[in-house]
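Numbering (mature numbering (1 follows the signal peptide of the UniProt record, and there is no 0)), first residue to last: -21 to -1, 1 to 65. By construction, the Cβ of each residue, glycine as well, lies at the ideal position given by its N, Cα and C atoms. Because the structure is a prediction, the values reported are computed rather than measured.
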């Protein structure tokens, strides 16, 4: 009898886990908006590896994510891309 109750409890927990997991899964069509922390990272990896000269870019103008967002364009400076404010 104990084994039957244990098995039933395990199956109930597994079913509940799958129901809860399905309820909180985010849809694949939702994209997060990511703003870079510096002019360099606004045009370079890890999040903006596909940027090239002339691509629009954004970065925070201060030390935190509550700082002003600066929009610009990626410009080649030396051997690297930098986001230059418009």
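Straight-line Cα distance separating residue 34 from residue 28: Rounded to whole angstroms, residue 28 to residue 34 spans 11 Å at the Cα level.
Residue closest to residue 32, alpha-carbon to alpha-carbon, out of -18, 40, -12, 54: Of the candidates -18, 40, -12, 54, the residue whose Cα lies closest to the Cα of residue 32 is 54.
Cβ-based neighbour list, residue -17, same chain, cut-off 8 Å, excluding 5 preceding and 5 following: Setting aside the 5 residues that flank it on each side, residue -17 has no residue in the same chain whose C-beta is closer than 8 Å to its C-beta.
Cβ separation of residue 26 and residue 60, assumed to be a contact under 8 Å, to the nearest whole Å: The Cβ separation is near 13 Å, so there is no contact.
Exposed unless 16 or more other CB atoms sit within 10 angstroms - verdict on residue -19: It counts as exposed.
Bridge partners - residue 52, DSSP secondary structure assignment: 35, 63
Length of the line joining the Cα atoms of residue 9 and residue -15: Reliability of the predicted coordinates at residue 9 is poor, the pLDDT of 49 falling under 50, and the value obtained from them is presented with this limitation in mind. In a straight line, the C-alpha of residue 9 is about 38 Å away from that of residue -15.
Coil, strand or helix - residue 15 by DSSP: strand
Proximity of residue 45 and residue 38 at Cβ, strictly below 9 Å: no
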